[in-house]
Amino acid sequence: MIEVPIYNQAGKQVDTLAIDEAQLGGEVRPVLLKQAYVMFHANRRQGSARTKSRGMVEGSTKKLYRQKGTGNARVGPKRTVVRKGGGVAFAKTKTHEEYRKDMPKKMRRLANRNALLAKLVDQEVKVIDRFDFEAPRTRDMKAILDAVGIDRSCLMAIDPENRHVALSARNLENVDTIRVDQLNAFDLLNHRYLVVDRAGLQAFIDGTVWKNGHHEEQDKQEKNEKEAA
Numbered sequence: 021m022i023e024v025p026i027y028n029q030a031g032k033q034v035d036t037l038a039i040d041e042a043q044l045g046g047e048v049r050p051v052l053l054k055q056a057y058v059m060f061h062a063n064r065r066q067g068s069a070r071t072k073s074r075g076m077v078e079g080s081t082k083k084l085y086r087q088k089g090t091g092n093a094r095v096g097p098k099r100t101v102v103r104k105g106g107g108v109a110f111a112k113t114k115t116h117e118e119y120r121k122d123m124p125k126k127m128r129r130l131a132n133r134n135a136l137l138a139k140l141v142d143q144e145v146k147v148i149d150r151f152d153f154e155a156p157r158t159r160d161m162k163a164i165l166d167a168v169g170i171d172r173s174c175l176m177a178i179d180p181e182n183r184h185v186a187l188s189a190r191n192l193e194n195v196d197t198i199r200v201d202q203l204n205a206f207d208l209l210n211h212r213y214l215v216v217d218r219a220g221l222q223a224f225i226d227g228t229v230w231k232n233g234h235h236e237e238q239d240k241q242e243k244n245e246k247e248a249a
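For the sequence shown, the working numbering begins at 21 and goes up steadily by one.
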């Protein structure tokens, strides 16, 4: 069991939360995390990079100067591939390049949980008892992060209904926000710390967070009803 300290908004420890490693994969699996990271990274590529061949570059086709007698190396037009501003020898001309990769659903979910386990093992998860903001205020959010010892990049997993927390954190340097139900290995591994409230962390571990607008238990119930029909 991993004992995670729970802090209040003033940075004082008020409780602890016991987390079973078995719920998060049992042990940190670097090979799985690497595979998931590469997949998430590849799937964010647009595949829209383009380059121009020498025929696509605008400009004169005239030879810059005569072949002999100048003392310089012989050159052709300015659009040649060996000159700055010229074309590219093997231009990228495809309208779209596909870089997408895929992983089985169970592997993706395990990788997301295993990334959280890696953060817990390294004591890089800061759990707040609850966020209580009457109105968005960046100064108050910075005070909370300073109180719990955030000194590097930080990912805040927030309840999508708690709009004040997202607005309070969005202007802070090196702080990114994400919905609790969208936590993934790529974003977790790209930040040093994870800041989450107690309810959000417990919901993620228990698997009771909302995914794609549907509750997992509700999805299972609907699936069973369809099979029974």
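Even glycine gets a Cβ: it sits at the ideal position worked out from N, Cα and C.
Residue i: first and last residue of the uninterrupted beta strand (DSSP E) it sits in
| i | result |
| --- | --- |
| D142 | From DSSP, D142 is part of no beta strand (DSSP E); its letter is neither H nor E. |
| L6 | In this structure the chain extends from 21 to 249, so residue 6 is not present and cannot be described. |
| L175 | C174 to I178 |
| L214 | Y213 to D217 |
| I26 | I22 to Y27 |
Through-space distance from residue j to residue i, alpha-carbon basis
| i | j | result |
| --- | --- | --- |
| G233 | E181 | Model confidence at G233 stands at a pLDDT of 46, short of 50, so the residue's coordinates are unreliable and nothing is read from them. |
| V147 | Q66 | 35 Å |
| E41 | L137 | 7 Å |
| Q222 | A177 | 12 Å |
| Y14 | L203 | Only positions 21 to 249 of the chain appear in this structure, which leaves residue 14 out of reach. |
| L209 | V101 | 40 Å |
| R255 | D217 | The requested residue 255 does not occur in the structure, where the chain is confined to residues 21 to 249. |
| L37 | A69 | 47 Å |
| T71 | K121 | 24 Å |
| Y57 | A93 | 49 Å |
Under the three-state DSSP convention, the category residue i falls into
| i | result |
| --- | --- |
| T197 | strand |
| L192 | coil |
| Y57 | helix |
| I170 | coil |
| A249 | Because the pLDDT at A249 is just 48, under 50, the model does not fix this residue reliably, and the point stays unresolved. |
CB of residue i within 8 Å of CB of residue j, strictly
| i | j | result |
| --- | --- | --- |
| V103 | V77 | Here residue 103 is Arg; the residue named in the question, Val, does not match the sequence. In this structure, V77 does not lie closer than 8 Å to R103 by Cβ. |
| F110 | F206 | no |
| L44 | V145 | no |
| I164 | Q33 | no |
| G75 | G107 | yes |
Terminal residues of the alpha helix (DSSP H) in which residue i lies
| i | result |
| --- | --- |
| R74 | No alpha helix (DSSP H) holds R74; DSSP gives it neither H nor E. |
| A205 | A205 to L209 |
From the options, residue whose alpha carbon lies closest to that of residue i
| i | options | result |
| --- | --- | --- |
| G220 | R183, A56, D201 and K112 | D201 |
| N12 | H211, A167 and D160 | The structure shown does not extend to residue 12, since the chain is modelled only from 21 to 249, so the question has no answer here. |
| D179 | T90, H116, G107 and F224 | F224 |
| V168 | P97, G31, V24 and E23 | G31 |
| D226 | K126, I39, E118 and F153 | I39 |
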